[in-house]
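Engineer:
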Amino acid sequence: MNSTVNLGNLGSGFGVLAAALILAYGVWVGRRDLGMRAMWGVLAAVLLTSLLPLVIFRTSLVGLLVGGVGGTFLSTLGTVLLGVVSTALAFLPLYVAVNWLEVIRQASDGSMHSRL
Numbered sequence: 000m001n002s003t004v005n006l007g008n009l010g011s012g013f014g015v016l017a018a019a020l021i022l023a024y025g026v027w028v029g030r031r032d033l034g035m036r037a038m039w040g041v042l043a044a045v046l047l048t049s050l051l052p053l054v055i056f057r058t059s060l061v062g063l064l065v066g067g068v069g070g071t072f073l074s075t076l077g078t079v080l081l082g083v084v085s086t087a088l089a090f091l092p093l094y095v096a097v098n099w100l101e102v103i104r105q106a107s108d109g110s111m112h113s114r115l
């Protein structure tokens with residue numbers, strides 16, 4: 000099993016955990032509406048980041064290079080590129096969750112209305 004698949008699964012697991020925790024935080028501070036929107040936003044980011052490397056791998060030049068059409072160097076380069084993209088995308092759901100956490104915190108403090 001290659002490490003890219005394991006890292007993708009780990010990123011998805013943390014994303015689903017972040018979605019559940021952001022929903023729980025929204026309910027805890029009395030902003031269930033924002034908590035639900037945040038949960039769905041984080042889950043959408045998990046879905047997007049889980050499917051995007053697969054789409055890139057299957058439909059692009061990286062898929063051809065890794066598939067053995069290119070030489071050994073090109074296939075290694077394609078695998079490294081796919082690993083870098085997958086690693087970067089694994090952090091996107093957590094970034095979305097932290098942004099939503101800030102939105103919920105500001106809305107529950109009432110400081111969001113003072114800026115409007």
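The opening position of the sequence shown corresponds to residue 0 in numbering that gives the first Met the number 0, with each subsequent residue numbered one higher.
Backbone N, C-alpha and C fix where the C-beta goes; we use that ideal spot for every residue, glycine too.
Please read all numbers here as calculations on a predicted model, not as lab measurements.
Compute the beta-carbon to beta-carbon distance between glycine 40 and isoleucine 103, rounded to the nearest angstrom, for a pair I have assumed lies under 8 Å.
Structural biologist: 11 Å between Cβ atoms; not a contact.
Engineer: Along the alpha helix (DSSP H) that carries valine 97, what are the first and last residues, could you check?
Structural biologist: Run containing valine 97: 91-108, per the alpha helix (DSSP H) assignment.
Engineer: For a test of the three-state rule: what should DSSP assign to glycine 31, helix, strand or coil?
Structural biologist: The sequence given here places arginine at residue 31; glycine does not occur at that position. Arginine 31 falls in the helix class under three-state DSSP.
Engineer: What's the gap between the Cα of leucine 76 and the Cα of glutamine 105?
Structural biologist: If you take the alpha carbons of leucine 76 and glutamine 105, they lie about 44 Å apart.
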